[in-house]
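In terms of the numbering used here, the sequence shown opens at residue 4 and continues consecutively. Think of the CB as a built atom: it goes at the ideal place given N, C-alpha and C, for glycine as much as any other residue. Keep in mind it's a predicted model, so treat the numbers as computed, not measured. Read through the structure below, which is laid out as structure tokens, and then see the notes.
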Amino acid sequence: MIFALTIALSYVLTNIDGLFAFFAIAVSGRHRQAIAGFLAAQAIVTGGAYATGAGVTFFSPHLIGYLGVVPLGLGLWELRKTYRAQEADVVLTGEGHSVLSSMTLFLALSTDTFVLMAAFIADSSPGYDRFILVGALIAVASLLLAGTLLAASLKDNRTVQRFFERLSPFVMIAAGIYILLDTATDQL
């Protein structure tokens, strides 16, 4: 069980950026989209890491950094939509697109978690895989709880909501730039 808690701590520490992105999206009034996107992304990350760690290679590791293009592009798209809507005085509600945007952002921010989890699974004997998966589950639940509590503490403050509505695209853009600058693309 200590091994599972160690995995959970590692998972949480590599997902602090995702926690703050979750918070920004949830406080901007898209709490359901943030939860759905976060859970979908973490399921993909954990499942993909398990498959990779067990011996299946989906992609070349030196190309991982190019995932930063996705949140960068989505952030620019959201920013463009926001400013066009402001010009027309329209309120944006795009639940499906917001879930996809959130999930993609969380996936892009979770590349370090993916690599960490794949390494744990690859380096441990198959009997320990269940502890790794339990640790991942504990971490995802903890991050979701922390993000939800943070967002709930500020949900009634309309000024804060408006601030995060405007900030949300910039979070995606910054995440994309960060991923592009701080990954294996540096070696190309």
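| query | Is Gly21 helix, strand or coil when you go by DSSP? | reply | helix
| query | How long is the line joining the alpha carbons of Ile10 and Leu22, rounded to whole angstroms? | reply | 17 Å
| message | Distance check for Phe6 and Ser145, CA to CA, integer angstroms please. | response | 17 Å
| query | What distance in whole Å lies between the Cβ atoms of Tyr14 and Ile124, which are believed to be in contact at a cut-off of 8 Å? | reply | Rounded, the Cβ-Cβ distance is 12 Å, inconsistent with contact.
| query | Does DSSP put Gly150 in a helix, in a strand, or in coil? | reply | helix
| query | Taking the alpha helix (DSSP H) that Ser128 falls in, what are its first and last residues? | reply | Premise fails: Ser128 is in no alpha helix (DSSP H) and is neither H nor E.
| message | I'd like to know if the region 101 to 113 and the region 28 to 43 are in contact, where contact means that at least 3 CB-CB pairs between them fall below 8 Å. | response | yes
| request: Locate the alpha helix (DSSP H) running through Gly50, then write down its first and last residues. | output: 34 to 56
| query | Apart from the five residues on each side of it in sequence, which residues of its chain come closer than 6 Å, Cβ to Cβ, to Gln45? | reply | Val143
| said: Just to check my reading of the structure: Thr151 and Thr17 have Cβ atoms closer than 8 Å, yes? What is that Cβ distance to the nearest angstrom? | reply: Not a contact, Cβ separation roughly 20 Å.
| task | With distances taken Cα to Cα, identify the nearest neighbour of Ser156 among Met4, Ile19, Gly32, Ile135. | result | Gly32
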